[in-house]
Amino acid sequence: MTEKKSTTIILFSGDYDKAMAAYIIANGAAAYDHEVTIFHTFWGLNALRKDEAISIKKGFMENMFAKMMPRGADKMGLSNMNFAGMGPKMIKNVIKKHNAVPLPQLIEMAQEQDVKLVACTMTMDLLGLQKEELLDQIEYAGVAAYLADAQEGNVNLFI
Amino acid sequence: MTEKKSTTIILFSGDYDKAMAAYIIANGAAAYDHEVTIFHTFWGLNALRKDEAISIKKGFMENMFAKMMPRGADKMGLSNMNFAGMGPKMIKNVIKKHNAVPLPQLIEMAQEQDVKLVACTMTMDLLGLQKEELLDQIEYAGVAAYLADAQEGNVNLFI
Amino acid sequence: MTEKKSTTIILFSGDYDKAMAAYIIANGAAAYDHEVTIFHTFWGLNALRKDEAISIKKGFMENMFAKMMPRGADKMGLSNMNFAGMGPKMIKNVIKKHNAVPLPQLIEMAQEQDVKLVACTMTMDLLGLQKEELLDQIEYAGVAAYLADAQEGNVNLFI
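Below is the structure:
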């Protein structure tokens, strides 16, 4: 019996391009028959936000974070050449032109391929994000669960 | 006999939030009974700086770096939403509010749990940092020592 | 028979300092007798650009990217303290002063040590980069080839 290989990615970054890289690797690894987990922490949680406004009572700080952070994958900025938001439009244009897959569809593909999408509960708490604001069918866990996956893994990345 | 698992993290970033992530993973892995090493290089060395001013004769360039770089973990900025220093205050506020652990205490916890904290001697030299300016009880090494640890490791991350 | 260890690095970043870290680790690992691959994707592709202007017919977007992105390793900015381009000069000065190796020479060393330098074809396409613009003697591949290397690897990093 050969054991299944696994890929475990921490997505810390809230940048559109870095999240794209994470999801491209994850989808590739799933196609390669790896068990794949993306553990979203800090700004990476924004990739899992629903794009509609969810009305939830929050403290002042939590409200400020919620307003300042991008609501969902499609609204994230670039790590480089963001140019006050022009960069993401350029990237989305070239993605369309070259028939590549934009981030929201990469996330859907990952869910269809059973990539385990995990939201880090500790940083959700810090940033004041609640389950109602995040995509359905994701899991919630902390650093212990991450380590349990990662220590048996073949490809471990922090993005 | 089962061999001990290990986690080896390169902390390259000088951002408060990324250093928090590194130390949370390191402390988690130590609690999980891993052998844990954090190898601090480039801007990540700032997490190891003492917060008092140390008077050392330095060249012009080295002095400029020393003045411009944050002196210790508590003074580091955020990778995202730094807002000219307002971001770190917000994060520290929510950390306090949610009873989470701020970075300087995460570093102390790591030292108590015998996480090996290493300063990269090559980049210390480049940035003009000297041993007197860094925390006590840390180790000094180069890329060969990092590779010796990492190549036997289970969880290898670059943060 | 002992199997050869391997190190596989994804270089996503287009920052001079992060690329330096990637190439220092890669050269160290090659000296340590690892099989080493650096897989250049997104902004990391800029490290592989030739420094002369190559005249190629491109679309409008591709031309804009080509003009805005740094042409080769020597022209890349810093991830931190870039100060509108003053930071890289400072770093290059201290590199010279301390007899450290600047990035273009680190890349040459890597090629001499048979580090496999790979350009990600999917992101080349997105950013409109063509083979004529990149260094000679590099390889071209996609995420599947990366995973084939990385899943057997000892040290996997995303930089």
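Residue numbers (our numbering), protein chains in the order written: chain A, 15 to 173; chain B, 15 to 173; chain C, 15 to 173.
Note that CB positions come from ideal geometry on N, CA and C, so glycine has one too.
Between residue i and residue j, what straight-line distance do the alpha-carbon atoms span, to the nearest angstrom?
i: A/I105; j: A/M83; result: 20 angstroms
i: C/H48; j: B/L171; result: 18 angstroms
i: A/K18; j: A/N168; result: 10 angstroms
i: B/L141; j: B/V108; result: 32 angstroms
i: C/A114; j: B/K89; result: 29 angstroms
i: B/M15; j: B/T21; result: The predicted model places B/M15 with a pLDDT of 44, which falls under 50 and marks its position as unreliable; any figure quoted below should be read in that light. Distance between the alpha carbons of B/M15 and B/T21 is about 19 angstroms.
i: C/N96; j: B/D128; result: 35 angstroms
i: B/N77; j: B/H54; result: 20 angstroms
i: A/P229; j: C/D139; result: Residue 229 of chain A is absent from the model: chain A starts at 15 and stops at 173.
i: C/L143; j: B/K71; result: 47 angstroms
i: B/F74; j: A/N41; result: 49 angstroms
i: B/A61; j: B/V50; result: 17 angstroms
i: A/K64; j: A/K81; result: 13 angstroms
i: B/I68; j: B/D163; result: 32 angstroms
i: A/H112; j: C/F79; result: 15 angstroms
i: C/G101; j: A/I39; result: 32 angstroms
i: A/R85; j: B/A87; result: 30 angstroms
i: B/I145; j: B/A35; result: For clarity, residue 145 of chain B is Lys in the given sequence; the question names Ile instead. If I take the Cα positions, the gap works out to 25 angstroms.
Quick one: is residue i near chain C, going by C-beta distance under 9 angstroms?
i: B/I24; result: yes
i: B/D139; result: yes
i: B/S27; result: yes
i: A/Y46; result: yes
i: A/D65; result: no
i: A/N168; result: yes
Leaving out five residues on either side along the sequence, give the residues of the same chain with a beta carbon under 7 angstroms from the beta carbon of residue i.
i: B/K135; result: It should be pointed out that residue 135 of chain B corresponds to Thr in this sequence rather than to Lys. Y154, A155 and G156.
i: A/Q151; result: Q125
i: C/Y37; result: L117, L120, I121 and A124
i: A/A133; result: H54, L59, L62, L148, I152 and Y154
i: A/E166; result: S20
Tell me the DSSP secondary structure of residue i in three-state form.
i: B/T21; result: strand
i: A/I38; result: helix
i: B/Y30; result: helix
i: C/I68; result: coil
i: A/V108; result: helix
i: A/D163; result: helix
i: A/L143; result: coil
i: C/L120; result: helix
i: B/P102; result: helix
i: B/N77; result: helix
i: C/G58; result: helix
i: B/D88; result: helix
i: A/A44; result: helix
i: B/M82; result: helix
i: B/Q125; result: helix
i: B/M138; result: helix
Less than 9 angstroms between CB atoms is the rule here; does residue i satisfy it with respect to chain A?
i: B/A114; result: yes
i: B/F172; result: yes
i: B/N96; result: no
i: B/K130; result: no
i: C/Y178; result: In the structure as shown, chain C begins at 15 and stops at 173. Residue 178 of chain C is therefore absent and cannot be evaluated.
i: B/G86; result: no
I'd like to confirm the pairing. Which residues does DSSP put opposite residue i in its beta bridges?
i: C/Y154; result: C/A133
i: C/R63; result: C/L148
i: A/N170; result: A/T22
i: C/F53; result: C/I24 and C/V132
Taking 6 angstroms as the limit between beta carbons, can you name the residues of its chain near residue i, skipping five residues before and five after?
i: B/S93; result: D29, D31 and K32
i: B/A159; result: none
i: C/L131; result: I52 and I152
For residue i, collect the residues of the same chain with a Cβ closer than 8 angstroms to its Cβ; drop the 5 residues on either side in sequence, then sort them by chain order.
i: C/F26; result: T55, F56, W57, G58, F172 and I173
i: A/Y46; result: K19
i: A/G99; result: G91
Within the 9 angstroms Cβ cut-off, does residue i reach chain B?
i: C/G91; result: no
i: A/E153; result: no
i: A/T135; result: no
i: A/A33; result: no
i: A/Q125; result: no
Should residue i be counted as a contact of the ligand NAP given a C-beta to heavy atom distance under 8 angstroms?
i: B/L141; result: Among the components of this structure there are no ligands whatsoever, and the ligand NAP is therefore not found.
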